[in-house]
Amino acid sequence: MIEVPATSAFVLSFANQDVYRGAAARAFLSSIDLSAAEPIIAQFKDNHEEITVELLNRKYGVAKCCRRYLDENPTAQVIQLRGGLDPLSIDLADGYPKAHFFDVDMANMSLKEEINRKIGDPDVSFLTANLADIPPLI
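Numbering (the working numbering), first residue to last: 48 to 185.
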């Protein structure tokens with residue numbers, strides 16, 4: 048199991064593998080140790096179910112919109128901004144191999160790339176950049 052920062056583990060603790068279609072995204076989630084999130088989860092125990100429903104609805108909706116677009120544009124270039132360790136870009140790359148995916152965030156991109164290599168290496172370029180600092184991003 049791969050350890051990730053507590054805040055990332057907290058967000059991923061709400062992920063449901065059913066949102067993701069491909070084996071790579073499911074393997075990604077299965078390889079992550081979420082135990083660092085336990086103290087944070089305990090603070091939200093009274094609202095955990097509502098938070099889970101809210102986040103899963105959002106994840107499902109975003110994934111559905113992406114798939115609809117990629118079904119019509121299978122060679123598209125897709126840029127995921129500030130997705131953190133969420134494996135959506137990996138899931139989409141697994142399902143749409145003719146498209147090219149860029150995953151951009153200011154932290155954990157090298158970790159996400161390392162995990163991606165270990166689980167089958169769908170074609171995603173992981174870029175570390177601060178979205179408020181445009182010249183290096185370009």
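We put the beta carbon where it would ideally sit given N, CA and C, even for glycine.
Close Cβ partners of residue i (< 6 Å) along its chain, the five nearest in sequence each way excluded
i	result
Ala71	Ile137, Asp141, Ile166, Gly167, Pro169
Ala83	Ala53, Ala56
Arg129	Asp152
Leu184	Ala176
Contact test: residue i Cβ vs the ligand NAP heavy atom, cutoff 7 Å
i	result
Ile166	The ligand NAP is not part of the structure shown, which contains no ligands of any sort.
Contact under 8 Å by Cβ, residue i with residue j
i	j	result
Leu59	Leu76	yes
Ala146	Gln127	no
Lys111	Leu132	no
Ile87	Phe61	no
Cβ-based neighbour list, residue i, same chain, cut-off 8 Å, excluding 5 preceding and 5 following
i	result
Met156	Asp150, Phe173, Leu174, Thr175
Residues near residue i by beta carbon distance below 7 Å, same chain, minus five either side
i	result
Arg68	Asp138, Gly142
Ile162	Ile49, Phe75, Ser78
Gln64	Arg73, Leu76
Where residue i sits in the DSSP three-state scheme
i	result
Ile137	helix
Ile181	helix
Exercise. Enumerate, from N- to C-terminal direction, the unbroken alpha helix (DSSP H) stretches of 4 or more residues contained entirely within the stretch 52-118.
Key: 53-59, 70-77, 85-90
Quiz item: What residue ranges within the stretch 121-167 form continuous beta strand (DSSP E) runs of no fewer than 3 residues, ordered along the chain?
Solution: 124-128, 147-152
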